Amino acid sequence: MSIVDIPELADLLASYLSLHDLSICIRVNKAWSRTFVPHLWHTVPPPASTPMSQSSPESSELLRLAILSALLAAQQQPQNTSQGSINKAASPSSPSSSSSSLLSKYGPWIRCLTFHQWQLKVQPADQFIAPFSNSLETMMTTATTAIDPVSNANTADPESTEQKLLLHLLKYCPNIQSLHLLQWSGTDADLDFWRTLARDVVPNLVQFSVEFTYQGPNSEKPYTGPVNVSIPPILIDKCSSKMRQLTIPYTNLSPREQEQHQDIEVAAAASIADEAIEDAGEENEVPAGNEEPLVGLRSLSMSAIEQNPDLSYFKSLLRRCPNLETLHVGTIDQGWVHELAECTKLRRLEIDNNTASSLRLLADALRTGLPNVDDLKITYDDHDDDEFVTDAVIASVLSANRKGWRNISLPTLDTLSSEALVQHATTLESIQVRDTPGFTSVQMCQILSTSPHLHTFVTLAEGECVDPHVSHILAEDFIDLDPVTNTLRPWPCESTLKQFRAKILGIPRPDVTQTYYGRTRGEPAEGNEEEEGDVEVVLQETHLGQGRELQALVYERLSRFTRLKVLGLGHDDRDFGNEGNFVEGPSGDWILGDEAYQYECVEMSLDSGLQRLETLKDLEEVNVFRMATCVGAEEVKWMTKAWPRLVSVEGLNVEGNEEEAETWLKENCPEILSNPCSFEF
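Per the UniProt record's numbering, the very first residue in the sequence shown carries number 1; after that it's consecutive.
1) According to DSSP, is I176 helix, strand or coil?
2) One question on the structure: do S33 and I24 come within less than 7 Å of each other, judged by their Cβ atoms?
3) When you compare only the Cα positions, how much space is there between P7 and E621?
4) What do you reckon, are the CB atoms on V337 and L376 nearer than 7 Å?
5) If distances are taken between C-alpha atoms only, which option among Q207, Y106, T187, D482 comes closest to T114?
6) Tell me which residues share the same chain as D352 and place their Cβ nearer than 7 Å to its Cβ, disregarding the 5 neighbours each side in the sequence.
7) Using only alpha-carbon positions, find the residue among I408, T542, A425, F36 that is nearest to D11.
8) Taking the straight line between their C-alpha atoms, what separation do you get for K315 and A395?
9) What is the DSSP secondary structure of S396, counted as helix, strand or coil?
10) How long is the line joining the alpha carbons of E536 and R521, rounded to whole angstroms?
11) Look at the alpha carbon of V470 and the alpha carbon of D435, and state the distance between them as a whole number of angstroms.
12) Can you tell me which residues form a DSSP beta bridge with G568?
13) Mind reading off the beta-carbon distance from E541 to P490? Whole number of angstroms is fine, and I expect it under 8 Å.
14) Can you tell me whether E162 is buried or exposed, with buried defined as 16 or more other CB within 10 angstroms of its CB?
15) Please confirm whether L366 and N401 have their CB atoms less than 7 Å apart.
16) Run through DSSP, which three-state label would M444 get?
17) Please classify S312 as buried or exposed, where buried requires at least 16 other C-beta atoms within 10 Å of its C-beta.
18) When burial is assigned at 16 or more other CB atoms within 10 Å of the CB, is C321 buried or exposed?
19) Any idea what DSSP makes of I110, helix, strand or coil?
20) Between the C-alpha atoms of E614 and K641, what's the straight-line distance to the nearest angstrom?
21) I'd like to confirm the pairing. Which residues does DSSP put opposite H116 in its beta bridges?
22) Straight-line CA distance for L370 to G335?
23) Just verifying my parser: in three-state terms, what is the DSSP assignment at E325?
24) Using only CA atoms, which one of V4, F625, L179 lies nearest to L460?
25) Can you tell me whether Q598 is buried or exposed, with buried defined as 16 or more other CB within 10 angstroms of its CB?
26) Less than 7 Å between C-beta atoms, sequence neighbours within five positions excluded: which residues of the same chain meet that for H453?
27) What does the alpha-carbon distance come out to for the pair T440 and L235?
28) CB L448 to CB S417, shorter than 7 Å?
29) Can you name, in chain order, every residue of its own chain whose Cβ lies under 7 Å from the Cβ of R645, other than the five neighbours on each side?
30) Could you tell me the alpha carbon to alpha carbon distance between W664 and D482, rounded to whole angstroms?
31) Output needed for T415: all residues of its chain with C-beta closer than 7 Å, excluding positions within five of it in sequence on either side, in chain order.
32) Evaluate F388 with the Cβ neighbour count: other Cβ atoms within 10 Å of its Cβ, from every protein chain shown; 16 or more gives buried, anything less gives exposed.
33) For T368, does the count of other Cβ atoms within 10 angstroms reach 16, so buried, or fall short, so exposed?
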């Protein structure tokens with residue numbers, strides 16, 4: 001008996017296989033092909049982690065041609081006079097379906113669709129034919145039927161809009177469960193499309209996400225106005241109890257747009273009423289809205305709604321979600337807090353665009369209700385004096401939790417908020433902070449040394465330019481030697497930590513005598529009038545070899561995180577948009593200054609003890625941006641052998657001593673992403 005003779009076991013196995021693995025399985029024999037080909041079509045386009053990502057122009061071209069082929073074939077046949085819902089008209093076995101269309105054969109296997117609107121954009125005839133890559137042909141070997149792109153290019157329906165193509169595709173996908181539409185137009189002209197989608201597709205979905213866009217003044221098309229605010233309610237009202245995850249933003253209107261669209265809410269109400277009349281049929285009753293409880297809904301995201309004049313519909317939606325566990329909203333006010341009190345099973349809360357007032361409301365809500373919320377992500381921008389989010393306000397939110405925080409994501413941790421967070425160290429599993437001006441080395445190590453479930457520790461703003469307020473861990477605190485045994489104390493997160501992004505400094509580096517731009521360390525830049533205290537203080541060794549001793553112990557501490565996948569000891573924090581940050585470089589040109597560059601850090605060289613990190617077999621990402629490292633060709637060779645899952649090495653100094661390492665990596669391991677650090681952005 002083969003594994004394919006037990007469907008349940010075969011399905012379980014397929015859920016763990018990559019796209020490449022599945023393409024191998026379908027070549028074993030006919031039985032394996034029949035079993036595993038459907039799994040190739042479960043997600044279209046394939047996940048971005050595969051060689052054929054959703055942004056691949058080849059995959060988009062193939063899919064668009066396939067849909068056009070089916071659409072043209074259907075248009076050439078007599079029109080069916082009774083046009084029911086999409087799925088009813090879409091049956092692959094219906095007479096109106098083209099027997100030659102690959103969609104009619106493989107569409108029923110599709111479970112998840114993800115599309116940007118541009119991926120279905122109908123191209124001019126001279127742009128219609130795209131070369132299909134070998135990997136694309138390999139994946140589709142058993143799944144593609146003949147498509148004549150030349151014929152399609154010559155006979156394409158000029159009215160085949162992206163919306164029309166999507167609706168036609170959905171006719172062939174009666175078993176679709178997840179639909180993700182990214183950057184789709186939602187103007188008044190698109191209202192019929194969204195009504196059709198809501199009526200015929202949304203009731204069957206388990207996951208649904210929408211991201212709206214619209215043609216602005218700078219677009220090639222004429223300005224068409226803002227997103228029609230009646231569209232989100234239309235879509236939401238058609239959700240059924242099957243829905244588990246819903247992401248649907250409500251449009252933001254600028255003050256000018258609000259004035260121009262004062263009757264927008266009236267139009268929205270009329271639109272919903274029209275839908276209700278159509279659905280009510282012979283009963284001739286117009287319900288006030290769908291009040292069916294969404295008992296299956298676990299995750300609800302309604303971002304970008306803070307400027308809408310009337311949010312009562314969205315607030316009342318929470319009453320229909322008795323089992324909601326995750327909520328993402330644009331902001332909160334007293335009305336939101338009142339509705340949140342009914343969400344007793346809520347665990348994760350994500351709130352954008354906070355002010356001091358909204359965070360005070362959140363703190364009160366946490367003290368008096370929301371007993372299960374232990375996962376919080378908040379963001380905020382600078383406001384005027386009355387609404388400026390202070391450290392004390394953040395501290396009050398962190399202190400209000402009665403259960404103990406599990407996951408925390410914040411823009412800033414200052415003195416008071418850091419003290420409040422440390423009180424939850426024993427329950428923390430993830431901490432992600434963008435800026436840490438008040439997070440001390442002792443507090444960081446207190447969390448690391450007392451959190452038994454910690455898997456994510458991030459105090460660096462990855463990919464963002466921020467003021468150099470990032471706190472760092474002192475090497476001696478991080479080493480944490482037991483004075484009796486003179487060995488490292490065990491930390492409870494050694495077997496759980498998977499992502500570590502933090503600066504580790506305080507290591508004397510007598511080998512580093514010059515700055516990144518060639519200036520002697522400890523001396524002022526030439527031509528600058530330095531005030532007292534402005535000159536860099538260079539850390540000196542207390543005894544010969546102390547720097548290397550500390551590095552070896554830091555490596556030993558890191559080596560104990562045996563499940564680590566991401567090691568970020570540096571990050572690119574340069575602000576290229578601020579002219580005041582530029583200085584005259586070694587060649588006389590103006591380049592970004594080296595403020596916050598790390599000199600008292602580990603070398604990441606074999607001579608300094610890098611080989612101690614051989615235990616990190618799961619390591620995938622390494623970041624040494626803006627660090628005085630000494631990585632050569634031998635070091636990257638060692639990395640590729642010691643860390644078999646390595647996919648990226650970021651920050652190699654190609655303007656200095658690490659150009660050889662960068663060159664070796666590109667020539668010998670091109671599959672490993674390399675993002676070097678240079679004078680230029």
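C-beta: ideal position from N, C-alpha, C; glycine also.
The structure displayed is predicted, hence computed values, not measured ones.
So, to answer that:
1) Here I176 sits in coil by DSSP.
2) The answer is no: Cβ separation not under 7 Å.
3) 37 Å
4) no
5) Q207
6) S303, G330, T331, T379
7) F36
8) Linking K315 to A395 through their CA atoms gives a straight-line distance of about 27 Å.
9) helix
10) 7 Å
11) Their Cα atoms are separated by approximately 6 Å.
12) In DSSP, G568 forms a bridge with R501, N623.
13) The Cβ separation is near 28 Å, so there is no contact.
14) In the assembly as shown, E162 is a buried residue. Its beta-carbon has 16 or more other beta-carbons within 10 Å.
15) yes
16) For M444, the three-state secondary structure derived from DSSP is helix.
17) exposed
18) buried
19) coil
20) Distance between E614 and K641, taken at the CA atoms: about 9 Å.
21) L182
22) 15 Å
23) coil
24) Of V4, F625, L179, the residue nearest in Cα terms is F625.
25) Q598 is buried by the Cβ-count criterion.
26) E429, T496
27) 48 Å
28) Going by beta carbons, L448 and S417 fall outside the 7 Å limit.
29) D618, L619, E620
30) The straight-line gap from Cα to Cα measures roughly 41 Å.
31) D391, G438
32) exposed
33) exposed
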